[in-house]
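Numbering (mature numbering (1 follows the signal peptide of the UniProt record, and there is no 0)), first residue to last: -21 to -1, 1 to 478.
Right, here's the structure in full:
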């Protein structure tokens, strides 16, 4: 009797679940990724043995973050729905090179971060969770005290130190600028990049100052490293606030480029309320593969987006939620800078690289988890076409379609509740919209769908068949009631016999 009752209860539960047009599970593409970006030194200290010269109170010094600290938090990152992590440079740096960009040895890990064995463990642990690992690979410059700088035989490995009209040859921040046109330099950098792939099994490189290195170098570099591992990924990171022709770089074999032009527009649209979204996509750079562009609000080079929000006297939690909904549901790969999960504040470098704090409220963490799960579940959000349906007064509604799946995203970034009417022509007749983020349900009425979204709220809908009367559900419910009555009757009957 108990087994039969449990069977009916299971059927009852399954019958009550909402259904939408499911898309057959396909092989994972890079455009399906969501990336958690980490400055290694500022994330988490997991091993005090590598805390040499650490001063957590000095923003210009090492603060203690390391590989073990990241390993310890992989579940935390994975549980939020992230499928990849990106790390700032891990190579051996000169004194106070906490950020990783002052490299003095391309074949060693920084002693403050841990050994290469620990890094290999980090990659393996990430792969166990089906997460990919991308690391920064610096090709533009070295540290001032790199052995090559004072080596007469390596004089031609650098561009002369002088004011340059060509940004590719400039000594940025006073750092010795490598001459990638020199065949020896090119060979060294490419061989080093190949070595790390084979030694550690990483899945991709992000390439800082990509615009300061000749395109011809990137063509040879891309071709060489991609031979070492199938589906190896390359992300170009331009100099801060630099608009570049992404098509040129993608044509060299670099898959993705950080979309600074769009980032500026995104920050303006979401840092306060009642902003138009019409300029957001128009501000994006042209790309050969827009679905692979790296979209972001902030990173290790920019002021924290939370600072923009606070400067506008807005509440960070509300602004970040609407911003993340847009970031996760529009074409491109979302890159989420560590600390976003706690609305970390920060000004210009190094203030934008504050230490992560894991003892904080979970509101943004929970919201990130929600939108992350939906992005991973709905291929229309990562592979679908995009059509803008409504954009007025801080309210935006757009449609993503992939094969048999249609998602409708509604974001209200205004100071009041908004009502939007969509037509059958925009969607489809005799369907309904099921909200997966906030649980809303919109049925077709008189050939219209009326969406009502409260201020500072968003909803991600899927277009489904009308549910109507759920006869299997009703039958199961009646069956459970009958079984319950029979069960009570038998208990009473047995009790009487016992007397």
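Note that the Cβ used here is the ideal one computed from N, Cα and C, for glycine as well.
Practice problem: Evaluate the contact criterion for the region 387 to 394 versus the region 429 to 444: three or more CB pairs, one atom per stretch, below 8 Å. | Solution: yes
Quiz item: With burial defined as no fewer than 16 other Cβ atoms inside 10 Å of the residue's Cβ, what is the status of residue 464: buried or exposed?
Solution: exposed
Self-check item: Nearest residue (CA-CA) to residue 240, options 73, 254, 223 and 256
Solution: 223
Quiz item: In whole angstroms, what separates the C-alpha of residue 269 from that of residue 339?
Solution: 35 Å
Exercise. Provide the residue span of the beta strand (DSSP E) that contains residue 436, from first to last.
Key: 436 to 444
Quiz prompt | Check whether residue 327 and residue 282 have beta carbons under 8 Å apart | solution = yes
Quiz item: Using a Cβ-Cβ cut-off of 6 Å (strictly less than) and excluding sequence neighbours within five positions of residue 433, which residues of its own chain qualify?
Solution: 396
Quiz prompt | Per-residue burial, residue 29 [other beta carbons within 10 Å of its own, 16 or more giving buried] | solution = buried
Practice problem: Would you kindly work out how many angstroms separate the C-alpha atoms of residue 335 and residue 91, rounded to a whole number? | Solution: 17 Å
Quiz item: Excluding sequence positions up to five away, which residues of its chain have a Cβ less than 6 Å from the Cβ of residue 370?
Solution: 256 and 257
Exercise. Just the C-alpha distance for residue 462 and residue 310, rounded to the nearest angstrom, thanks.
Key: 51 Å
Quiz item: Helix, strand or coil: which one does DSSP assign to residue 87?
Solution: strand
Quiz item: Pairing CB atoms from the region 41 to 48 with CB atoms from the region 299 to 314, are three or more of them under 8 Å?
Solution: no
Exercise. Closer than 6 Å by C-beta to residue 180: which residues in its own chain qualify, once you throw out the five before and the five after it? Chain order, please.
Key: 102
Quiz item: Can you tell me whether residue 367 is buried or exposed, with buried defined as 16 or more other CB within 10 angstroms of its CB?
Solution: exposed
Self-check item: Straight-line Cα distance separating residue 124 from residue 192
Solution: 21 Å
Exercise. For residue 219, name the three-state secondary structure that DSSP assigns.
Key: coil
Exercise. For residue 480, I'd like the list of residues in its chain whose CB is within less than 6 Å of its CB, leaving aside the five on either flank, ordered along the chain.
Key: Nothing can be reported for residue 480, as the shown portion of the chain is limited to -21 through 478.
Practice problem: With a 10 Å radius around its C-beta and 16 neighbouring C-beta atoms as the bar for buried, classify residue 305 as buried or exposed. | Solution: buried
Quiz item: Which residues in the same chain have their Cβ closer than 6 Å to the Cβ of residue 267, if we skip the five residues on either side of it in sequence?
Solution: 226 and 229
Self-check item: Entirely enclosed alpha helix (DSSP H) segments - the region 198 to 261, minimum 4 residues
Solution: 225 to 230, 239 to 249 and 257 to 261
Self-check item: Unbroken alpha helix (DSSP H) run spanning residue 47, endpoints
Solution: 46 to 51
Quiz item: How do the region 14 to 22 and the region 50 to 70 stand: do at least 3 beta-carbon pairs fall below 8 Å, yes or no?
Solution: yes
Quiz item: Exposed or buried, residue 235, counting other C-beta atoms within 10 Å across all chains shown (16 or more means buried)?
Solution: buried
Quiz item: Thinking C-alpha only, which one of 276, 422, 362 and 409 is nearest residue 5?
Solution: 362
Quiz item: Going by alpha carbons, who is nearest to residue 74 out of 99, 47 and 33?
Solution: 33
Exercise. Return the CA-CA distance between residue 452 and residue 446, expressed in angstroms with no decimal places.
Key: For residue 452, the predicted structure reports a pLDDT of 47, less than 50, and the residue's modelled location is therefore unreliable. The matter cannot be settled from this model.
Quiz item: Starting from residue 355 and walking both ways along the alpha helix (DSSP H), at which residues does that stretch end?
Solution: 342 to 356
Exercise. Could you tell me the distance, in whole angstroms, from the CA atom of residue 275 to the CA atom of residue 131?
Key: 42 Å
Quiz item: Cα-Cα, which of 375, 382, 377 and 443 is closest to residue 407?
Solution: 443
Quiz prompt | Segment contact flag, the region 242 to 255 with the region 201 to 214, C-beta cutoff 8 Å, min 3 pairs | solution = no
Quiz prompt | Helix, strand or coil at residue 8 according to DSSP, with G and I counted as helix | solution = coil
Quiz item: At which residues does the beta strand (DSSP E) containing residue 377 begin and terminate?
Solution: 374 to 381
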